[in-house]
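Asks:
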Amino acid sequence: MPVNTISHLPGTTADSLPRPPPGPQGLPLIGSLIPFARDPLGFLTDCARRYGDVAAFRAGPQTMLILTHPDEIERVLVKEHGAFPKDRRFWRQVTAVFGNGLLTSQGDLWQRQRHLAASAFAGPKLAAYAEIMADATERTLDAWRTGEVRDLHVEMMALTLKIAARALFGTEADEDVAVMEAALDDVLGEIATRITRPFPIPDAVPLPGHLRYRRGLRRIEAIVARMIAERRRSSSGTLNLLSALMNARHEDGSAMSDRQLRDEVITFLLAGHETTALVLSWTIHLLGQHPDIDASLAAEACEVLGGRSAGISDMPRLRLAERVVTESMRIYPPAWAFGREARQDCVIGGYRVRAGTPIYILPWIMHRDPRFFDEPEAFRPERWAGDLARRLPRFAYMPFGGGPRICIGNRFAMIESVLILASLVRRFRFVIPADRKVIPFPSMTLRLRGGLRARIAERL
Numbered sequence: 077m078p079v080n081t082i083s084h085l086p087g088t089t090a091d092s093l094p095r096p097p098p099g100p101q102g103l104p105l106i107g108s109l110i111p112f113a114r115d116p117l118g119f120l121t122d123c124a125r126r127y128g129d130v131a132a133f134r135a136g137p138q139t140m141l142i143l144t145h146p147d148e149i150e151r152v153l154v155k156e157h158g159a160f161p162k163d164r165r166f167w168r169q170v171t172a173v174f175g176n177g178l179l180t181s182q183g184d185l186w187q188r189q190r191h192l193a194a195s196a197f198a199g200p201k202l203a204a205y206a207e208i209m210a211d212a213t214e215r216t217l218d219a220w221r222t223g224e225v226r227d228l229h230v231e232m233m234a235l236t237l238k239i240a241a242r243a244l245f246g247t248e249a250d251e252d253v254a255v256m257e258a259a260l261d262d263v264l265g266e267i268a269t270r271i272t273r274p275f276p277i278p279d280a281v282p283l284p285g286h287l288r289y290r291r292g293l294r295r296i297e298a299i300v301a302r303m304i305a306e307r308r309r310s311s312s313g314t315l316n317l318l319s320a321l322m323n324a325r326h327e328d329g330s331a332m333s334d335r336q337l338r339d340e341v342i343t344f345l346l347a348g349h350e351t352t353a354l355v356l357s358w359t360i361h362l363l364g365q366h367p368d369i370d371a372s373l374a375a376e377a378c379e380v381l382g383g384r385s386a387g388i389s390d391m392p393r394l395r396l397a398e399r400v401v402t403e404s405m406r407i408y409p410p411a412w413a414f415g416r417e418a419r420q421d422c423v424i425g426g427y428r429v430r431a432g433t434p435i436y437i438l439p440w441i442m443h444r445d446p447r448f449f450d451e452p453e454a455f456r457p458e459r460w461a462g463d464l465a466r467r468l469p470r471f472a473y474m475p476f477g478g479g480p481r482i483c484i485g486n487r488f489a490m491i492e493s494v495l496i497l498a499s500l501v502r503r504f505r506f507v508i509p510a511d512r513k514v515i516p517f518p519s520m521t522l523r524l525r526g527g528l529r530a531r532i533a534e535r536l
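Residue numbers (my numbering): 77 to 536.
1) Less than 8 Å between C-beta atoms, sequence neighbours within five positions excluded: which residues of the same chain meet that for GLY102?
2) What does the alpha-carbon distance come out to for the pair ARG444 and GLY432?
3) Suppose you measure from the CA of ARG438 to the CA of SER310; what does that come to, to the nearest Å?
4) Go through its chain and collect everything with a Cβ distance to VAL300's Cβ below 8 Å, but skip five positions before and after it.
5) Rounded to whole angstroms, what's the CA-CA distance from ALA254 to ALA234? Just pull it up for me.
6) For SER385 and THR216, I'd like the C-alpha separation in whole angstroms.
7) For MET140, report the span of its alpha helix (DSSP H) as first-last.
8) Look up LYS513 in the DSSP assignment and give the residues it is bridged to.
9) Report the partner residues of ASP227 according to the DSSP bridge assignment.
10) Just curious, the alpha helix (DSSP H) that PHE119 is in, first and last residue?
11) Below 7 Å CB to CB, which residues in the same chain sit around HIS84 once its five sequence neighbours on both sides are set aside?
12) Using DSSP with H/G/I as helix, E/B as strand and the rest coil, what is PRO111?
13) For SER404, collect the residues of the same chain with a Cβ closer than 7 Å to its Cβ; drop the 5 residues on either side in sequence, then sort them by chain order.
14) With a floor of 4 residues, list each alpha helix (DSSP H) that falls wholly inside the region 428-513, ordered by position along the chain.
15) Taking the alpha-carbon of GLY527 as reference, which of ASP184, GLU534, PRO278, PHE517 has the nearest alpha-carbon?
16) DSSP has GLU248 in a bridge; who is on the other side?
17) When burial is assigned at 16 or more other CB atoms within 10 Å of the CB, is LYS513 buried or exposed?
18) Within 10 Å of its beta-carbon, does ARG505 have 16 or more other beta-carbons around it, so buried, or fewer, so exposed?
19) By DSSP, does ILE342 sit in helix, in strand, or in coil?
20) Looking at the structure shown, is ALA194 part of a helix, part of a strand, or coil, going by DSSP?
21) Counting pairs of Cβ atoms below 8 Å between the region 201-209 and the region 369-388, do you hit three or more?
22) With a threshold of 7 Å on Cβ separation, who are the neighbours of TRP460 within its own chain once the five nearest residues in sequence on each side are excluded?
23) Spatial neighbours of SER499 within its chain, please: C-beta separation below 6 Å, excluding the five flanking residues on both sides.
24) Give the secondary structure of GLY175 by DSSP, where H, G and I count as helix, E and B as strand, and everything else as coil.
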């Protein structure tokens, strides 16, 4: 379907051009930058509720579009996806981290790299990955003791990092976890600041956040370089994502450059563990508020698993665990927002959109829309027991994105989340202080400000 551009609208004249999208007027020069920077989730939600499914606001000199209707989202992500590439405004600020990896690349390079990576997430590989997930989870839980207090978000980040390193890259990362986590906090903290910045500031400018960002990136790169070097020296014939990328050849017979290999490894290492850790952290938080669901989930895990580790063959029987994860991602989608950009002047939802306009697509708002979900603020895993998934509009629920650029590891992440969750609740309960308020922190992903401290309790 050709993009619906202004210049190609039948009968369009200068006097009949569609009007721009509605939205807050904001202040001179800075627009709505201050409320957006102060509370991105609240500000964007308010805009959508007040101004409708297609709204706009200014952050400094830049106008941003907010899109919250499934039909228009499908148009942008699927039907006319070539006319709406990834938002350059944001990604140009983090190329030092991701380079031209699968998350940021476009066009032919993206298609080639996605094709190379797809085999690492094929069905037969998932069974082998599930064994790694189970082994790493049981090792982690064996080190926990009842009565102690742990930051479960930190624990989940460490666990999923170990799994990603072993499953996707064939290396043990235990000794690197503390370094990687501290580096990741520095990098993502700066990215959160850049999301609300109206204009880019070069990395070379010695701001405190920039210095932490560059220091964190150097540490991550050092670990990744060692992983690649170890794989080159290894005689193991194990096939995983790293070996697939290293063995791949372009049409002219050349191998992937060291720089491109570095970009892909960092992309999958970071994206492949943080989102799952967030799903598990938010799920534990929700279960702490709903002890009845926690008890039912534990009963299912004990019935299905008995005293053994969870495996991929258990997935069909862990129905409640899968519904709990699905509902958790509805309320707290790790990918809370993602961006596209209008390649040319066009009309969206009857409104004029100028070329270069960033477009925010917001699962955070879509998943809480009462048009699609009864009691949208309530944690109700049972809502997924019927045919809700089939009845929903295609893009009313989209925790992994959608269209050609849907998350390549979505099945990996779902299996990992369900199996780890079942293992956790089978062995332990988590007591979160009643006065402990967990606040969403919208960075590149939806993090938990201040972590998730809880007391480890024996499962009775």
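Don't be surprised by glycine CBs; every beta carbon is placed ideally from N, CA and C.
Replies: Walking through what the data contain:
1) Taking GLY102 as the centre and dropping the five residues before and after it, the same chain places the C-beta of SER108, LEU109, PHE133, ARG134 closer than 8 Å to its C-beta, in chain order.
2) Spanning the two alpha carbons is a distance of roughly 28 Å.
3) First, the amino acid is wrong: residue 438 is Leu here, not Arg. C-alpha separation (whole angstroms): 43 Å.
4) Setting aside the 5 residues that flank it on each side, VAL300 is surrounded in the same chain by ARG338, VAL341, ILE342, LEU345, each with a C-beta closer than 8 Å to its C-beta; the list follows chain order.
5) Between the alpha carbons of ALA254 and ALA234 lies a distance of about 8 Å.
6) Here the C-alpha atom of SER385 lies approximately 12 Å from the C-alpha atom of THR216.
7) Run containing MET140: none in the alpha helix (DSSP H); it sits in the beta strand (DSSP E), 138-143.
8) In DSSP, LYS513 forms no bridge with anything.
9) Looking at the DSSP output, ASP227 sits in a beta bridge with ARG529.
10) Element bounds for PHE119: 116-127.
11) Bear in mind that a pLDDT of 42 at HIS84, under 50, signals an unreliable position, so the model cannot answer this.
12) PRO111 falls in the helix class under three-state DSSP.
13) Residues of the same chain with a CB within less than 7 Å of the CB of SER404, apart from the 5 flanking positions on each side, are VAL355, TRP358, THR359, LEU362 in chain order.
14) For the region 428-513, whole alpha helix (DSSP H) runs of length 4 or above, ordered along the chain, are 439-442, 464-467, 486-503.
15) Taking only the C-alpha atoms, the option nearest GLY527 is PHE517.
16) Assignment of beta-bridge partners to GLU248 by DSSP yields no partner.
17) With fewer than 16 Cβ atoms within 10 Å of its Cβ, LYS513 is classed as exposed.
18) By the beta-carbon neighbour count (other beta carbons within 10 angstroms, threshold 16), ARG505 is buried.
19) Here ILE342 sits in helix by DSSP.
20) ALA194 sits in a helix when the DSSP states are folded into three classes.
21) Enough Cβ pairs lie closer than 8 Å, so yes.
22) The beta carbon of TRP460 sits closer than 7 Å to those of ARG399, THR402, GLU403, all from its chain and outside the five residues before and after it, given in chain order.
23) Cβ neighbours of SER499 beyond the five flanking positions: THR213, ALA386.
24) Residue state for GLY175 is assigned as coil, using DSSP reduced to three classes.
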